[in-house]
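Engineer: Residue numbers (the working numbering), protein chains in the order written: chain A, 1 to 425; chain B, 1 to 318; chain C, 1 to 169. Glycine included, every Cβ here is placed at the ideal spot set by N, Cα and C. Mind having a look at this structure? Questions to follow.
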Amino acid sequence: MIETVIKGGTVVDQTGNKEVDVGIGNDGNILSIGPDLTGNNIIDAAGCVVAPGLVDLNSHFRQPGDEETETVESGTRSAILGGYTAVVAMPGIDAAVDSAAAVREIQALRNEALCHVEIAGSLTAGCKGEELAPIGEMAGLGVRFFTDPLPRFPNDLLVRRVMEYASNFDVTIALPPISALTMAQAHMHEGAVSSHLGIPGVSIEEEELMTYRFLKMCQLTGTRMHLQQLSSPNAIELVAAAKSEGVPVTCEVSPHHFSLTDEAVETFQQRYKLLPPLRAKSHVESIKECIVKGNVDAIATCHSPNPPHAEDLPFEEAPFGGIGLETALAVSLTELDSNIEQILSLLSWMPADIAGIGDSHGGVLSIGRPGNIVVIDKSVIWKPVGSEMASKSNNTPFEGYPLKGKVRHTIVNGEVVVLNGEAQR
Amino acid sequence: MSSPQHIRGIDDLGKEGIIEILELSDHFLEVSSRRIPKVPVLRGKTLAWLFYEDSTRTRLSFEKAAKRLSADTMNFSVSSSSVKKGESLRDTVETISAMGVDAIVVRHKSVGVPWMLPKWTDAAIINAGDGAHEHPTQSLADCYTITQKLGDVSGKRIVIVGDIKHSRVARSNIKAFTMLGASVALVAPPTLLPPSMADWPVDVIGDFDTAIKEADVLYLLRMQHERQEEALVPSLREYTNQYGLTIERSRLLQKSSIIMHPGPMNRGVEVSGEVPEIQNAVITNQVENGVIVRMAVLYHLLGSGVTPTEIQNEDNND
Amino acid sequence: MDADDVRRALWRMSHEILEHNHGLSNVVLIGLQTGGVPLATKLADNLAEIEGSQVPVGYLDVAFYRDDIGLRPVSPREPTNITFDLTTKTVVLVDDVLFTGRTIRAALDAITDFGRPGSVQLAVMIDRGHRELPIRPDFIGKNLPTRRDELVDVQADGVRIGEYEGPLE
Numbered sequence: 001m002i003e004t005v006i007k008g009g010t011v012v013d014q015t016g017n018k019e020v021d022v023g024i025g026n027d028g029n030i031l032s033i034g035p036d037l038t039g040n041n042i043i044d045a046a047g048c049v050v051a052p053g054l055v056d057l058n059s060h061f062r063q064p065g066d067e068e069t070e071t072v073e074s075g076t077r078s079a080i081l082g083g084y085t086a087v088v089a090m091p092g093i094d095a096a097v098d099s100a101a102a103v104r105e106i107q108a109l110r111n112e113a114l115c116h117v118e119i120a121g122s123l124t125a126g127c128k129g130e131e132l133a134p135i136g137e138m139a140g141l142g143v144r145f146f147t148d149p150l151p152r153f154p155n156d157l158l159v160r161r162v163m164e165y166a167s168n169f170d171v172t173i174a175l176p177p178i179s180a181l182t183m184a185q186a187h188m189h190e191g192a193v194s195s196h197l198g199i200p201g202v203s204i205e206e207e208e209l210m211t212y213r214f215l216k217m218c219q220l221t222g223t224r225m226h227l228q229q230l231s232s233p234n235a236i237e238l239v240a241a242a243k244s245e246g247v248p249v250t251c252e253v254s255p256h257h258f259s260l261t262d263e264a265v266e267t268f269q270q271r272y273k274l275l276p277p278l279r280a281k282s283h284v285e286s287i288k289e290c291i292v293k294g295n296v297d298a299i300a301t302c303h304s305p306n307p308p309h310a311e312d313l314p315f316e317e318a319p320f321g322g323i324g325l326e327t328a329l330a331v332s333l334t335e336l337d338s339n340i341e342q343i344l345s346l347l348s349w350m351p352a353d354i355a356g357i358g359d360s361h362g363g364v365l366s367i368g369r370p371g372n373i374v375v376i377d378k379s380v381i382w383k384p385v386g387s388e389m390a391s392k393s394n395n396t397p398f399e400g401y402p403l404k405g406k407v408r409h410t411i412v413n414g415e416v417v418v419l420n421g422e423a424q425r
Numbered sequence: 001m002s003s004p005q006h007i008r009g010i011d012d013l014g015k016e017g018i019i020e021i022l023e024l025s026d027h028f029l030e031v032s033s034r035r036i037p038k039v040p041v042l043r044g045k046t047l048a049w050l051f052y053e054d055s056t057r058t059r060l061s062f063e064k065a066a067k068r069l070s071a072d073t074m075n076f077s078v079s080s081s082s083v084k085k086g087e088s089l090r091d092t093v094e095t096i097s098a099m100g101v102d103a104i105v106v107r108h109k110s111v112g113v114p115w116m117l118p119k120w121t122d123a124a125i126i127n128a129g130d131g132a133h134e135h136p137t138q139s140l141a142d143c144y145t146i147t148q149k150l151g152d153v154s155g156k157r158i159v160i161v162g163d164i165k166h167s168r169v170a171r172s173n174i175k176a177f178t179m180l181g182a183s184v185a186l187v188a189p190p191t192l193l194p195p196s197m198a199d200w201p202v203d204v205i206g207d208f209d210t211a212i213k214e215a216d217v218l219y220l221l222r223m224q225h226e227r228q229e230e231a232l233v234p235s236l237r238e239y240t241n242q243y244g245l246t247i248e249r250s251r252l253l254q255k256s257s258i259i260m261h262p263g264p265m266n267r268g269v270e271v272s273g274e275v276p277e278i279q280n281a282v283i284t285n286q287v288e289n290g291v292i293v294r295m296a297v298l299y300h301l302l303g304s305g306v307t308p309t310e311i312q313n314e315d316n317n318d
Numbered sequence: 001m002d003a004d005d006v007r008r009a010l011w012r013m014s015h016e017i018l019e020h021n022h023g024l025s026n027v028v029l030i031g032l033q034t035g036g037v038p039l040a041t042k043l044a045d046n047l048a049e050i051e052g053s054q055v056p057v058g059y060l061d062v063a064f065y066r067d068d069i070g071l072r073p074v075s076p077r078e079p080t081n082i083t084f085d086l087t088t089k090t091v092v093l094v095d096d097v098l099f100t101g102r103t104i105r106a107a108l109d110a111i112t113d114f115g116r117p118g119s120v121q122l123a124v125m126i127d128r129g130h131r132e133l134p135i136r137p138d139f140i141g142k143n144l145p146t147r148r149d150e151l152v153d154v155q156a157d158g159v160r161i162g163e164y165e166g167p168l169e
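This is the structure we're talking about:
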């Protein structure tokens, strides 16, 4: 018996698109796909795109440790409103996931989650860049993604050790090509704007050098690597070149890096203090081209909530990070000169495969698979308002930014968790 | 023009605003030369000093300017106050504001702080230095000094030497000097230049000896000792040899040129220790004029605010 | 008044100043910026021609002493220029038009910052009435009844009355 029918939309998945209804059974799995389905609960998708739920590879939920800023519950509510049915929760800089106990603590928090939460473990103990974290032990608990969100590697040798050690387990090493050491003194992109403002910046070349070093280590060790938050078009080209040589690497970019520029810093607002920093206009344009060309594997949010008082801090004293789960899809639809299939591949099935959850997320909407589905109205025009978002944090870099396209419904394991843009729990 | 609500950077004034302040300064120069150098223009106005960075000189200059205008002042001493106990910038500003202040003069090591304050207070904001960004009142004092000594800023060749990268004085001055029609050249070790200057309206000249010959104004910046530790210059000795005012170099200066420095000067660094007395230095004039232009700035923000038509209307009303 | 009327009035006022003060020995003239400045200069020239000696002339901008400062835009015009001490002097304030009296009050305040005068007198070309303070001129070019909203313009070539177009205070 069909429990829920998503009616009148166009299904877009890895296999193409077709105008059919999707029926979901009591067990939460897709029961039927075809025209004119009927069921107990009809969900209107007329004029909408019906697609596999989105998957975010880079979310920070601040729990355990800083529950006033974000929790698994508030973070995943933000996720489902943004069309996500799965997110990879990153370890925190101050809240490393570097033991089996830490993994179990977060696994327990999954009860409060409104979508699937995949756990990423820390690469080094305390994310300090000194000793290896027990990767094997955590992999044994199902962790497939390991990262230090702000790498503090003193030299390449430690990167090599980490990757060599991890090669024995079926895991992915995810790293942003950023160094905590260079970022300690920098607050924005180094360029014309930083020169005018007198704010110390970090050059885009730093990212390119770091990308090159990580790629060489990936080639040397053969361990699967996912490069996070690339903001340099040249770095993306380096990754593309390495991929063509068979290096097992993938990469992601963040929506703000293909929409906003360093000129936003002229407002001195914390929400524009991002890591890697917002780049110059020319970089933003080139990143878009890299995406359209197919050289990027995923769009990831780097959803980084900050406490409310952060927005009152002077720019050079403020923490990095902004929230992104509720805007990523809309920013992609608004800014990218891509068709809906490419945008969904970057937001859904490619990240699902990179996270190792392609069997239950992303991919195709076919009979028997879990009902993890997003329904998107591409025509809605709206402006994000941080204080109205589900995230406990308000620091969206897209405050007041005109966007086109919005999530109408989100279905997680067959349950309609977002209906007509409203979270149901 | 209508008066700005704040003076946070040179762009808050623009060319017209700078000229207006310089013209106003003539009046306050006269007031300052009187036997009783005090006028009752800001009676009943309260100014608060909010200095998150040590600055005796700038604070005293503002203090003197305020007293000559009969304003009340209060000093929020950051080092001995609640800030040390962790009070946020916002709470501090809201507290001061609640006491009733008409203007807050703020200095902070972080760029942009003066632009954040209007979110929390209705007081006029005057920037007394934010990080390496702007220091507009120093710049106004410098423009006034040049006008006094050389007649005009327009058409002058102004050579700024030293740590441009970390200098808020340089950033404000480059804006103000070029707005007023001067041509500006910068001389600095490349490590002390901002990383990207393609859109700066200046010439960057590698050789000090070439640049100094053209200078109507030689503007030396303060060289911080820390720059040596940060590996930005090999040694202060080498800095003085390459970018300091040595005896040989001072002979290359035109007779009519003036030498400026925002203070406090590192003797033996920006100026070689062998130079016994800096000829044509107008450094004390800059300090005197600092008080004068700050009077003009305070009056401009709090005492007046005038359009030409209003002047005419008022002209015969009494 | 035409140009000749103004010229004649200034000559008469010059003689009155001389007569009133029994000579020029202690007299200084202070023209109020900006309308009083040319009149003070002209009076000084006249006095020099009559008596053969030059009286000190200063110029005073009263903007910083006005009682409406901070209430409405008040802009200084030309800087004050008084290079001599006023202590014990007979100060003759010179202005073009006497109206509410508030400018003169401000001037009385201002000159005390330049010393303690022996006495202060007031010379104006036009007294148009409507006083708001207890101030009276010692030397007058002409009494000219006006409406409050009219505008009086004193120039070397004559005095005109026009309509005041701006907002009334």
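Can you tell me whether ASP2(C) is buried or exposed? The criterion is at least 16 other CB atoms within 10 Å of its CB, across all chains shown.
Structural biologist: As a first step, residue 2(C) must be located in the third sequence, where it is residue number 2. Flag for ASP2(C) reads exposed.
Engineer: Going along the chain, which residues of its own chain have a beta-carbon closer than 6 angstroms to the beta-carbon of ILE411(A), five neighbours each way excluded?
Structural biologist: Here residue 411(A) corresponds to residue number 411 of the first sequence, with the count starting at 1. Excluding positions up to five away in sequence, the list reads GLY371, ILE373.
Engineer: Examine chain B for any beta-carbon lying closer than 9 angstroms to the beta-carbon of PRO76(C), and answer yes or no.
Structural biologist: In the third sequence, counting from the first residue as 1, residue 76(C) sits at position 76. Answer yes: the Cβ-Cβ gap between PRO76(C) and chain B drops below 9 angstroms somewhere.
Engineer: Using CA coordinates, which residue listed in ALA139(A), SER345(A), PRO91(A) is at the minimum distance from PRO64(A)?
Structural biologist: Here residue 64(A) corresponds to residue number 64 of the first sequence, with the count starting at 1. Closest option to PRO64(A), Cα to Cα, is PRO91(A).
Engineer: Return the bridge partner residues of SER75(C) from the DSSP annotation.
Structural biologist: Walking along the third sequence from the start, residue 75(C) turns up at place 75. Paired residue(s): none; SER75(C) is not in a bridge.
Engineer: Beta carbon of SER196(B), beta carbon of GLU190(A): below 9 angstroms?
Structural biologist: Within the second sequence, residue 196(B) is the residue found at index 196, counting from 1. Within the first sequence, residue 190(A) is the residue found at index 190, counting from 1. Yes; because the gap between Cβ atoms is below 9 angstroms, this pair is in contact.
Engineer: Below 7 angstroms on C-beta distance, what does PHE84(C) contact in chain B?
Structural biologist: On the third sequence, position 84 is the one that residue 84(C) refers to. Under the 7 angstroms cutoff, chain B gives no residues; its nearest Cβ is about 11 angstroms from PHE84(C).
Engineer: Spell out the partners DSSP gives LYS109(B) in its beta bridges.
Structural biologist: Reading the second sequence from its first residue, position 109 is the one you call residue 109(B). None, per the DSSP bridge assignment.
Engineer: In chain order, what residues of the same chain have a beta carbon less than 7 angstroms from the beta carbon of GLN424(A), not counting five sequence neighbours either side?
Structural biologist: Your numbering for residue 424(A) matches position 424 in the first sequence. Cβ within range, chain order: VAL416, VAL417, VAL418.
Engineer: Assuming the contact rule is C-beta atoms closer than 8 angstroms, THR147(A) and PRO305(A) should be a hit. Round their C-beta distance to whole Å, please.
Structural biologist: In the first sequence, residue 147(A) corresponds to position 147, counting from 1. In the first sequence, residue 305(A) corresponds to position 305, counting from 1. The Cβ separation is near 18 angstroms, so there is no contact.
Engineer: Rounded C-beta distance between ASP56(A) and VAL87(A)? I'm assuming under 8 angstroms.
Structural biologist: Against the first sequence, residue 56(A) aligns to sequence position 56. Against the first sequence, residue 87(A) aligns to sequence position 87. With a Cβ gap of about 4 angstroms, ASP56(A) and VAL87(A) count as contacting.
Engineer: So which of ALA184(A), VAL50(A), PHE258(A) has the shortest CA-CA distance to PHE398(A)?
Structural biologist: As a working mapping, residue 398(A) is identified with position 398 in the first sequence. Ranking ALA184(A), VAL50(A), PHE258(A) by Cα distance to PHE398(A) puts PHE258(A) first.
Engineer: Could you tell me the distance, in whole angstroms, from the CA atom of GLY44(B) to the CA atom of LEU253(B)?
Structural biologist: In the second sequence, the residue the question calls residue 44(B) occupies position 44. In the second sequence, the residue the question calls residue 253(B) occupies position 253. Roughly 49 angstroms between the two C-alpha positions.
Engineer: According to DSSP, is GLN254(B) part of a helix, a strand, or is it coil?
Structural biologist: Residue 254(B) sits at position 254 when you count from the first residue of the second sequence. Residue state, collapsed to three classes: coil.
Engineer: Check distances from the C-beta atoms of the stretch 107-131 of chain B to those of chain A and list, in chain order, the residues that come in under 7 angstroms.
Structural biologist: Residues passing the 7 angstroms Cβ filter: HIS108, SER110, VAL111, GLY112, VAL113, TRP115, MET116, GLY131.
Engineer: As a quick exercise: from MET265(B), ALA281(B), ILE278(B), GLU274(B), pick the residue whose alpha carbon is nearest that of ARG57(B).
Structural biologist: Looking up residue 57(B) in the second sequence gives position 57. The residue with the shortest Cα to Cα distance from ARG57(B) is MET265(B).
Engineer: What residues in the stretch 87-104 of chain B have a beta carbon less than 8 angstroms from any beta carbon of chain A?
Structural biologist: If the cut-off is 8 angstroms between Cβ atoms, the stretch 87-104 of chain B has SER88, LEU89, ARG90 near chain A.
Engineer: In the DSSP output, which residue or residues are listed as bridge partners for ASN41(A)?
Structural biologist: Locating residue 41(A) in the first sequence gives position 41, counting from the first residue. Looking at the DSSP assignment, ASN41(A) forms a beta bridge with THR4(A).
Engineer: Taking 8 angstroms as the threshold, find out whether the stretch 153-171 of chain A comes into contact with the stretch 205-224 of chain A through three or more Cβ pairs.
Structural biologist: Touching, yes.
Engineer: Short of 6 angstroms in beta carbon distance, which residues of its chain neighbour MET1(B), apart from the five on each side in sequence? Order them along the chain.
Structural biologist: Within the second sequence, numbered from 1, the residue matching residue 1(B) stands at position 1. Since pLDDT at MET1(B) reaches only 38, below the 50 mark, its modelled position is unreliable, and no value is offered.
Engineer: Could you check whether the stretch 295-303 of chain A touches the stretch 25-35 of chain A, counting it as contact only if at least three pairs of C-beta atoms, one from each stretch, sit closer than 8 angstroms?
Structural biologist: Touching, no, given that fewer than three Cβ pairs across the two stretches are closer than 8 angstroms.
Engineer: Do the stretch 18-25 of chain B and the stretch 271-288 of chain B touch if we need at least three Cβ pairs shorter than 8 angstroms?
Structural biologist: The stretch 18-25 of chain B vs the stretch 271-288 of chain B: no contact.
Engineer: Just mark PRO190(B) as buried or exposed, buried being the case when its beta carbon has 16 or more other beta carbons within 10 Å.
Structural biologist: Residue 190(B) sits at position 190 when you count from the first residue of the second sequence. It is exposed - the Cβ of PRO190(B) has fewer than 16 other Cβ atoms within 10 Å.
Engineer: Looking at THR137(B): is its Cβ nearer than 9 angstroms to the Cβ of VAL293(B)?
Structural biologist: Locating residue 137(B) in the second sequence gives position 137, counting from the first residue. Locating residue 293(B) in the second sequence gives position 293, counting from the first residue. Yes, Cβ-Cβ distance for THR137(B) and VAL293(B) is below 9 angstroms.
Engineer: When DSSP labels each residue in this structure, what does VAL306(B) get in the three-state scheme?
Structural biologist: The count along the second sequence starts at 1 and reaches residue 306(B) at position 306. Reliability fails at VAL306(B), whose pLDDT of 41 lies under 50, so the model's placement of it is uncertain and no value is given.
Engineer: Go ahead and pull the three-state DSSP assignment for ALA185(B).
Structural biologist: Indexing the second sequence from 1 puts residue 185(B) at position 185. Reduced to three states, the DSSP call for ALA185(B) is strand.
Engineer: Do you know how far the Cα of SER75(C) is from the Cα of ALA63(C)?
Structural biologist: Residue mapping note: residue 63(C) aligns to position 63 of the third sequence, counting from 1. Residue mapping note: residue 75(C) aligns to position 75 of the third sequence, counting from 1. If I take the Cα positions, the gap works out to 6 angstroms.
Engineer: By Cβ distance, which residues of its chain are closer than 6 angstroms to PHE114(C), with the 5 residues on each side in sequence left out?
Structural biologist: For the purposes of this step, residue 114(C) is taken as residue 114 along the third sequence, with counting starting at 1. Hits under 6 angstroms: ILE82, LEU86.
Engineer: Can you say whether GLU169(C) is buried or exposed, counting buried as having 16 or more other CB atoms within 10 angstroms of its CB?
Structural biologist: Translated into the one-based positions of the third sequence, residue 169(C) becomes position 169. Below a pLDDT of 50, predicted positions are generally treated as unreliable, and GLU169(C), at 33, falls in that range; no measurement from the model is reported.
Engineer: Please report the residue range of the beta strand (DSSP E) in which VAL154(C) lies.
Structural biologist: What you label residue 154(C) is simply residue 154 of the third sequence in a count that begins at 1. Its beta strand (DSSP E) spans residues 150-155.
Engineer: Counting only the same chain and skipping the five closest in sequence on each side, list residues whose C-beta sits under 6 angstroms from that of ILE135(C).
Structural biologist: Taking the third sequence and counting its residues from 1, the one referred to as residue 135(C) is at position 135. Answer for ILE135(C): GLY101, ILE104, listed in chain order.
Engineer: So with Cβ pairs under 9 angstroms, would you call TRP200(B) a contact of chain A?
Structural biologist: Sequence index remark: in the second sequence, residue 200(B) carries index 200 (1-based). Yes - at least one Cβ of chain A is within 9 angstroms of the one on TRP200(B).
Engineer: In its own chain, which residues sit with a C-beta less than 8 angstroms from the C-beta of VAL57(C), not counting the 5 before and 5 after it?
Structural biologist: Within the third sequence, the letter at position 57 stands for residue 57(C). Once the five neighbours on either side are set aside, the close Cβ partners of VAL57(C) are VAL28, LEU29, ILE30, GLY31, ALA40, THR41, ALA44.
Engineer: Using a threshold of 9 angstroms, state whether the C-beta atoms of ALA65(B) and LEU301(B) are closer than that.
Structural biologist: Translated into positions along the second sequence, residue 65(B) becomes position 65. Translated into positions along the second sequence, residue 301(B) becomes position 301. No, they are not a contact pair.
Engineer: Whole angstroms is fine: what's the gap from ARG271(A)'s alpha carbon to GLY368(A)'s?
Structural biologist: Translated into positions along the first sequence, residue 271(A) becomes position 271. Translated into positions along the first sequence, residue 368(A) becomes position 368. Using only the alpha carbons, I get a separation of about 42 angstroms.
Engineer: So HIS6(B) contacts chain A; which residues on that side make the cut at Cβ distance below 7 angstroms?
Structural biologist: Taking the first residue of the second sequence as 1, we reach residue 6(B) at position 6. What HIS6(B) touches in chain A: nothing, since even the nearest Cβ is about 14 angstroms away.
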